[in-house]
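**Q** First the structure, which I've put down as structure tokens, then a few questions once you've had a look.
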Amino acid sequence: MYSFSNLSFYKKRFFVINLFPLNYCLLEVSIIEQSRATKISLIFFSERQKKCCTMITELRTFLVAAQLESFAATAEKVGLTQSAVSAQIKRLEMEFGYPLFERTGRAVSLSKAGLVAVERALEIVALFERMRDIPRDNAISGTIKVGTISTAYTSLLAPAMAVFLKTYPDILFSISIDVSLVLLQKLEARELDMAIMVKPPFSLIPNMEWIPLVTQSYVLVMHDSIDGTDWKQILGQHAFIRYDSRSFGGSTISSFLALHKISLRDIAETEEIDLILDMVSRNIGVAIIPSCQEINRYSTIRCMDIPEFSKKREIGAMVFKNRQRASVDRFMAFLVSPPA
1 MYSFSNLSFY KKRFFVINLF PLNYCLLEVS IIEQSRATKI SLIFFSERQK KCCTMITELR
61 TFLVAAQLES FAATAEKVGL TQSAVSAQIK RLEMEFGYPL FERTGRAVSL SKAGLVAVER
121 ALEIVALFER MRDIPRDNAI SGTIKVGTIS TAYTSLLAPA MAVFLKTYPD ILFSISIDVS
181 LVLLQKLEAR ELDMAIMVKP PFSLIPNMEW IPLVTQSYVL VMHDSIDGTD WKQILGQHAF
241 IRYDSRSFGG STISSFLALH KISLRDIAET EEIDLILDMV SRNIGVAIIP SCQEINRYST
301 IRCMDIPEFS KKREIGAMVF KNRQRASVDR FMAFLVSPPA
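In structure tokens:
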């Protein structure tokens, strides 16, 4: 929790804030009118507060180590030596007065106290990150780190960004395009603020929230020179381009085909729907994919519903439940219900 009182001077504002674990300190916000920029400085009342501020870096290292349970892997992840990582963890343990990890040889695992410390460290780091969101002239600013699957970029992310940036021009988007599983891993590692992806076929991670956006049925796509209305017969007579079975959507398709015991002649497998459609448009093979806008770009592709395929692909946004940044919440609102 934090609170502040406002003391205004010429071109500067000073806030006396209570920011755990720093206790009371002075926050100096300088308004640079020419560039409309905001310089934020913390003026500490004690050496202990300086020590607490440098502890933020150590808490970040601790959170990575808690996830990876390996100081060597943590060192590689954060760009430090293993001894530096170990020293940071030791300093935290000396400061807190209890071990964060149980050590057996080179192996480490979170102690009982460490498990509790993870949740509190997440809160402290998140609160520190909120300092970036102090508004300039009551505007929303900062960076939003968004991960998305390739098909959702065109149909969901790009249109929402175009409208959002007209209202909030000071926002910077950092965009990663990848498959759903990788996006989920990046989100869990806090490398992303949110991910637009396919809903996982397993239980959600406890500290995350799923917000549905689009539901898609699965369809059979083929070159328009192929005749017939029996989807099973078409699959049996033509080469098959498989939507990657390692993806969330692809595994659903593979399970459906296995259930119906259809003999297939696979010639290619990929996660990229655009690549699948390009091959289908060249009459290289047929495929089962989620129904999406990209299909409409190809005049030589015929699309067929599969009545027996009742499962749908749900695309949505995965975000943290305890998100505390106004910019992420505002953008989520644009994604869920874009302004007219």
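Heads up, the sequence shown is in UniProt numbering, so the first residue is 1 and it goes up one at a time.
A virtual CB, placed ideally from N, CA and C, is assigned to each residue, including glycine.
So what does A195 bridge to, in DSSP terms?
**A** Locating residue 195 in the sequence shown gives position 195, counting from the first residue. In DSSP, A195 forms a bridge with G147 and M318.
**Q** On the CB-based measure, 16 or more other CB atoms within 10 Å of its CB, does L204 come out buried or exposed?
**A** Taking the first residue of the sequence shown as position 1, residue 204 is located at position 204. L204 comes out exposed.
**Q** Among all the DSSP beta bridges, which residues are the ones paired with W210?
**A** Position 210 of the sequence shown, counted from the first residue, corresponds to residue 210. Answer is M318, bridged to W210.
**Q** Start and end of the beta strand (DSSP E) containing R242?
**A** For the purposes of this step, residue 242 is taken as residue 242 along the sequence shown, with counting starting at 1. Taken as a continuous stretch (DSSP letters only), the beta strand (DSSP E) holding R242 covers F240 to Y243.
**Q** If we count the other Cβ atoms within 10 Å of its Cβ and call it buried at 16 or more, is F248 buried or exposed?
**A** Here residue 248 refers to the residue found at position 248 when the sequence shown is read from its first residue. F248 should be labelled buried.
**Q** If you draw a straight line from the alpha carbon of I295 to that of E314, how long is it in whole angstroms?
**A** On the sequence shown, position 295 is the one that residue 295 refers to. On the sequence shown, position 314 is the one that residue 314 refers to. Roughly 18 angstroms separates the two Cα atoms.
**Q** How far does the beta strand (DSSP E) with T300 in it extend, from its first residue to its last?
**A** The sequence position of residue 300 within the sequence shown is 300, counting from 1. That residue, T300, is in no beta strand (DSSP E); it is neither H nor E in DSSP.
**Q** Hey, quick one: how far does the beta strand (DSSP E) through V108 stretch, first residue to last?
**A** The count along the sequence shown starts at 1 and reaches residue 108 at position 108. Segment A107 to L110, the beta strand (DSSP E) holding V108.
**Q** Let me know the secondary structure DSSP gives L80 once reduced to three states.
**A** Sequence index remark: in the sequence shown, residue 80 carries index 80 (1-based). Coil, per DSSP.
**Q** Smallest Cα separation from G285: which of E95, D274 and R265?
**A** The residue labelled residue 285 in the question sits at position 285 within the sequence shown. Ranking E95, D274 and R265 by Cα distance to G285 puts R265 first.
**Q** Taking its Cβ as the centre, do 16 or more other Cβ atoms sit within 10 Å of G316, making it buried, or is it exposed?
**A** Position 316 of the sequence shown, counted from the start, is the residue given in the question as residue 316. Classification of G316: buried, given that the 10 Å Cβ count is 16 or more.
**Q** Taking DSSP as the reference, what is the three-state secondary structure of V219?
**A** Here residue 219 corresponds to residue number 219 of the sequence shown, with the count starting at 1. Looking at V219 - three-state DSSP - the assignment turns out to be strand.
**Q** Drop a sphere of 10 angstroms on the beta-carbon of I276, count the other beta-carbons inside from all chains shown, and report buried for 16 or more, exposed for fewer.
**A** Position 276 of the sequence shown, counting from 1, holds the residue named residue 276. Its Cβ being crowded by 16 or more others within 10 Å, I276 is buried.
**Q** If you drop the 5 nearest sequence neighbours on each side, which residues of the same chain put their C-beta closer than 6 angstroms to that of K311?
**A** Taking the first residue of the sequence shown as position 1, residue 311 is located at position 311. Cβ neighbours of K311 beyond the five flanking positions: T252.
**Q** Measuring CA to CA, which of V108, I171 and A107 is closest to D329?
**A** Your numbering for residue 329 matches position 329 in the sequence shown. That would be I171, whose Cα lies nearest to the Cα of D329.
**Q** Could you check the C-alpha separation between V64 and I175 for me, to the nearest Å?
**A** Along the sequence shown, one-based indexing puts residue 64 at 64. Along the sequence shown, one-based indexing puts residue 175 at 175. Going by the C-alpha atoms only, they are around 22 angstroms apart.
**Q** Give me whichever residues DSSP pairs with T270 in a beta bridge.
**A** In the sequence shown, counting from the first residue as 1, residue 270 sits at position 270. DSSP lists Y243 as partners of T270.
**Q** State buried or exposed for D193, treating a residue as buried only when at least 16 other CB atoms are found within 10 Å of its CB.
**A** Along the sequence shown, read from residue 1 onward, the residue named residue 193 stands at position 193. Flag for D193 reads buried.
**Q** Are the region 140-156 and the region 234-246 in contact at 8 angstroms, needing three or more beta carbon pairs?
**A** No, the region 140-156 does not touch the region 234-246.
**Q** Tell me whether the beta-carbon of T300 lies closer than 9 angstroms to the beta-carbon of D224.
**A** Here residue 300 refers to the residue found at position 300 when the sequence shown is read from its first residue. Here residue 224 refers to the residue found at position 224 when the sequence shown is read from its first residue. Cβ distance < 9 angstroms, so T300 and D224 count as in contact.
**Q** In whole angstroms, give me the CA-to-CA distance for L59 and L213.
**A** Residue numbering aside, residue 59 sits at position 59 when the sequence shown is read from its first letter. Residue numbering aside, residue 213 sits at position 213 when the sequence shown is read from its first letter. Rounded to whole angstroms, L59 to L213 spans 34 angstroms at the Cα level.
**Q** Which first and last residues belong to the alpha helix (DSSP H) in which T252 is found?
**A** Start at 1 with the first residue of the sequence shown, and residue 252 comes out as number 252. Note, T252: alpha helix (DSSP H), F248 to L259.
**Q** In chain order, what residues of the same chain have a beta carbon less than 6 angstroms from the beta carbon of T74, not counting five sequence neighbours either side?
**A** As a first step, residue 74 must be located in the sequence shown, where it is residue number 74. V64, A65, L68 and V85, listed in sequence order.
**Q** Could you give the first and the last residue of the continuous beta strand (DSSP E) run that contains T104?
**A** Residue mapping note: residue 104 aligns to position 104 of the sequence shown, counting from 1. T104 -> beta strand (DSSP E) spans F101 to T104.
**Q** Closer than 6 angstroms by C-beta to F309: which residues in its own chain qualify, once you throw out the five before and the five after it? Chain order, please.
**A** Taking the first residue of the sequence shown as position 1, residue 309 is located at position 309. Around F309: Y218 and F256.
**Q** Taking the alpha carbon of P307 as the reference point, which residue from E271, D227, H260 and R323 has its own alpha carbon closest?
**A** Within the sequence shown, numbered from 1, the residue matching residue 307 stands at position 307. Ranking E271, D227, H260 and R323 by Cα distance to P307 puts H260 first.
**Q** For K312, which beta-bridge partners are listed by DSSP?
**A** Along the sequence shown, read from residue 1 onward, the residue named residue 312 stands at position 312. K312 pairs with S217.
**Q** Which residue's Cα is closest to the Cα of L220: S327, D305 and V118?
**A** To locate residue 220, count along the sequence shown from 1; it is residue 220. Nearest C-alpha to L220: D305.
**Q** Quick one: what does DSSP say P159 is sitting in, helix, strand or coil?
**A** Indexing the sequence shown from 1 puts residue 159 at position 159. Three-state result, P159: helix.
**Q** Buried or exposed: where does R297 fall if 16 or more other Cβ atoms within 10 Å of its Cβ makes it buried?
**A** Walking along the sequence shown from the start, residue 297 turns up at place 297. It is exposed - the Cβ of R297 has fewer than 16 other Cβ atoms within 10 Å.
**Q** Which residues bound the alpha helix (DSSP H) around F173?
**A** Translated into positions along the sequence shown, residue 173 becomes position 173. Careful: F173 lies outside any alpha helix (DSSP H), inside the beta strand (DSSP E) at I171 to I177.
**Q** If you draw a straight line from the C-alpha of T104 to the C-alpha of G114, how long is it?
**A** As a position in the sequence shown, residue 104 is number 104, starting the count at 1. As a position in the sequence shown, residue 114 is number 114, starting the count at 1. Cα to Cα, T104 sits roughly 16 angstroms from G114.
**Q** Helix, strand or coil for G142 per DSSP?
**A** As a working mapping, residue 142 is identified with position 142 in the sequence shown. Strand at G142.
**Q** Relative to the alpha-carbon of C303, which residue among D178, T229 and R130 has its alpha-carbon at the smallest distance?
**A** Working through the sequence shown from its first residue, we reach residue 303 at position 303. If we check each option's Cα against that of C303, T229 comes out closest.
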